[in-house]
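Colleague: Mapping to full-length UniProt numbering: the sequence shown position 68 is 68, numbers consecutive. Backbone N, C-alpha and C fix where the C-beta goes; we use that ideal spot for every residue, glycine too. Just so you know, these numbers come straight off a predicted model, no measurement behind them. The following block contains the structure, expressed as structure tokens.
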Amino acid sequence: MTGTRTGIQLARPIIGAEERSEVDRVLASGMLAQGAEVASFEAEFSEHVCGRPCVAVNSGTSALLLALMAMGIGRGDEVIIPGFTFAGTANAVVLAGATPVFADIDPTHFCIDPRAVEAAISPRTAAVIPVHLYGHPADMEQLMAIAERHGLAVLEDAAQAHLAAWRSRPVGTFGATAAFSFYPTKNMTTGEGGLVVCADSETARRVKMLRNQGMAGRYEHEVIGYNARMTDIGAAIGRVQLRRLPGWTSTRRANASRLSTEFAAARIDPVVVLPQVADGADPVWHQYTVRVRGRDEVAAELAEAGVGSAVHYPHALNQLALYRSVCQRVPVLPVAERASREVLSLPVHPSLSDADLSAVVSAVCRAVRR
Ligand SMILES: Cc1ncc(COP(=O)(O)O)c(C=O)c1O
């Protein structure tokens, strides 16, 4: 994150008195590891994903990895993922023993391009991971149709998209599995944490074993598993955050709308291209990400003015040398590569005041007019 002087931060977890008192209650109980709080958190999260079984884990990366393993994806399999995402998406595929195949993105919404998915399918393709990047849902209608036609499993990477929806259906309810993250900068947090949403109870049972040393019951080890458990401390924070999430999401939407209105009035296009919402998408604005010419100079000026910003992400994954050694095919991805040169995320989080939002707009306008 670019540093700030006067402190309009790019992201800021909101931890209030209720989270503190719930953590105190759990600490006083002496039951700190995975227990009743985790089970309650899973049940409450399930209400937001059409009642699907949920399994909480210790990070979004673990959620992706365990979901892949529970779906039986591993050595010899190819998994299509967008070339423009957080590296955790690709790392989970490699850690599962499978091979990531990078597909290009849609230039308007930055999510995986369904046509690029179709073009990347080979006889070894076992799954596709659409990423709901910046909180904007991928086109799940087209992607599910392609997956069905080719017999591919779908794992939604919803790490940034809690409560987002595609044609009024919540993200996380399309694929066989979905992974959420509760890292502190996400729309809600458990400190560190993640969660797998499963379409069926058998997959949920496998994820539960994989998170807990492969145990089906106490010391009944059925498979090789991890310790990927969430603590009751984290789950207690998450339960409070989940209750506050709908309100925060409304505020994010209002903030995004205000930023877009003020930027449009300032007429700084085409130097700055504002984020667009796809027909059918109900985004949750994890990030408010613009494209801007001279991006790095603008970011430096924003930092000078005390406005936080960040580049999500400065490299398309196909440009990172480390994946060349694990991928058989590393394609050129013109749209992803261009995005990595142009994108800049601006503050949109729910703690911003109206004055903060106006200050962000003024600082951006000043920076681009220089
Ligand atoms: C798109 C995406 N996938 C996966 C992850 C991994 O989540 P975590 O950091 O909780 O492991 C993140 C988190 O940054 C993410 O943004």
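How do the segment 103-114 and the segment 327-342 stand: do at least 3 beta-carbon pairs fall below 8 Å, yes or no?
Modeller: The segment 103-114, when compared against the segment 327-342, does touch it at the 8 Å Cβ threshold.
Colleague: Given that a residue counts as buried once 16 or more other Cβ atoms are within 10 Å of its Cβ, and exposed if not, what is threonine 261?
Modeller: By the neighbour-count rule (16 or more Cβ atoms within 10 Å), threonine 261 is not buried but exposed.
Colleague: What are the start and end residues of each continuous alpha helix (DSSP H) run of 4 or more residues lying completely inside the segment 121-182, in chain order?
Modeller: Counting only runs of 4 or more, we get 140-150.
Colleague: Is glycine 172 near glycine 60, with beta carbons less than 8 Å apart?
Modeller: For glycine 172 and glycine 60, no; Cβs fall outside 8 Å.
Colleague: Verify the contact flag: glycine 60, CB atom, against every heavy atom of ligand 1, threshold strictly below 7 Å.
Modeller: Yes; taking the cut-off as 7 Å, the Cβ of glycine 60 has a heavy atom of ligand 1 nearer than that.
Colleague: So, at 7 Å on beta carbons, what are the nonlocal neighbours of glycine 214 in its own chain, with the 5 sequence-adjacent residues on each side left out?
Modeller: Result list for glycine 214: His221, Glu222, Val223, Ile224, Gly225, in chain order.
Colleague: Which same chain residues, not among the five before or five after alanine 351, have their C-beta less than 8 Å away from its C-beta?
Modeller: Residue identity differs from the one stated: residue 351 is serine in this sequence, not alanine. Arg12, Ile14.
Colleague: Is any heavy atom in ligand 1 found nearer than 7 Å to the beta carbon of glycine 88?
Modeller: True, at least one ligand heavy atom lies under 7 Å from that Cβ.
Colleague: So, helix, strand or coil for alanine 310, using DSSP?
Modeller: Strand, per DSSP.
Colleague: If you measure from the CB of serine 345, is any heavy atom of ligand 1 nearer than 7 Å?
Modeller: Incorrect: serine 345 has no Cβ contact closer than 7 Å to ligand 1.
Colleague: Using the Cα positions of glycine 3 and alanine 303, report the straight-line distance between them to the nearest angstrom.
Modeller: Confidence at glycine 3 is low in this model, with a pLDDT of 43, below 50, so the placement of that residue should be treated as unreliable; the coordinate-derived value is given next. Distance between the alpha carbons of glycine 3 and alanine 303: 6 Å.
Colleague: Beta-carbon of arginine 291 versus every beta-carbon of chain C: anything under 8 Å?
Modeller: Given the protein chain composition of this structure (a single chain), no chain C is represented.
Colleague: With distances taken between CB atoms, is the gap from asparagine 187 to valine 284 smaller than 8 Å?
Modeller: The answer is yes: Cβ separation under 8 Å.
Colleague: Just mark leucine 163 as buried or exposed, buried being the case when its beta carbon has 16 or more other beta carbons within 10 Å.
Modeller: Counting Cβ neighbours within 10 Å, leucine 163 comes out buried, since at least 16 surround it.
Colleague: Under a Cβ-count criterion, where at least 16 other Cβ atoms within 10 Å of its own Cβ denotes burial, should leucine 68 be classed as buried or exposed?
Modeller: Classification of leucine 68: buried, given that the 10 Å Cβ count is 16 or more.
Colleague: Looking at C-alpha atoms only, which residue of Gly83, Ala56, Val79 is the closest neighbour of arginine 206?
Modeller: The shortest Cα separation from arginine 206 among Gly83, Ala56, Val79 belongs to Ala56.
Colleague: So does leucine 259 have its beta carbon nearer than 7 Å to some heavy atom of ligand 1?
Modeller: Because no heavy atom of ligand 1 lies under 7 Å away, the Cβ of leucine 259 does not count as near it: no.
Colleague: Do the segment 196-203 and the segment 298-316 meet, that is, are 3 or more Cβ pairs less than 8 Å apart?
Modeller: Cβ pair count under 8 Å is below three, so no.
Colleague: Flag glutamine 34 as yes when its Cβ comes closer than 7 Å to any non-hydrogen atom of ligand 1, and as no otherwise.
Modeller: The answer is no for glutamine 34.
Colleague: Nearest to methionine 230 by alpha carbon, out of Thr190, Phe45, Ala264, Gln241?
Modeller: Looking at the Cα atoms, Thr190 is the closest of the given residues.
Colleague: Which residues bound the beta strand (DSSP E) around valine 343?
Modeller: Per DSSP, valine 343 belongs to the beta strand (DSSP E) from 343-346.
Colleague: On the CB-based measure, 16 or more other CB atoms within 10 Å of its CB, does glycine 88 come out buried or exposed?
Modeller: Flag for glycine 88 reads buried.
Colleague: On a CA-only basis, which of Arg341, Ala363, Arg369 is nearest phenylalanine 84? Give me that one, please.
Modeller: Residue Arg341 is the option with its Cα nearest to phenylalanine 84.
Colleague: What residues in its chain sit with their C-beta under 6 Å from that of proline 137, if we drop five residues either side in the sequence?
Modeller: The answer, listed in chain order, is Ala164, Trp166, Val171, Ala281.
Colleague: Would you mind working out which of Ile80, Gly234, Ala300 sits nearest aspartate 24, comparing C-alpha positions?
Modeller: With distances taken between Cα atoms, aspartate 24 lies closest to Gly234.
Colleague: Given a cut-off of 8 Å, decide if glycine 238 and phenylalanine 182 are closer than it, judged by their beta-carbon atoms.
Modeller: The answer is yes: Cβ separation under 8 Å.
Colleague: DSSP state of alanine 90, grouped into three classes?
Modeller: Helix.
Colleague: Could you give the first and the last residue of the continuous beta strand (DSSP E) run that contains methionine 71?
Modeller: Run containing methionine 71: none; DSSP gives neither H nor E here.
Colleague: From the DSSP secondary-structure annotation, give me the bridge partner or partners of threonine 289.
Modeller: DSSP output for threonine 289 lists Ser345 as bridge partner(s).
Colleague: Among Arg295, Ala70, Pro347, which has the Cα closest to the Cα of tyrosine 134?
Modeller: The candidate whose alpha carbon is nearest that of tyrosine 134 is Pro347.
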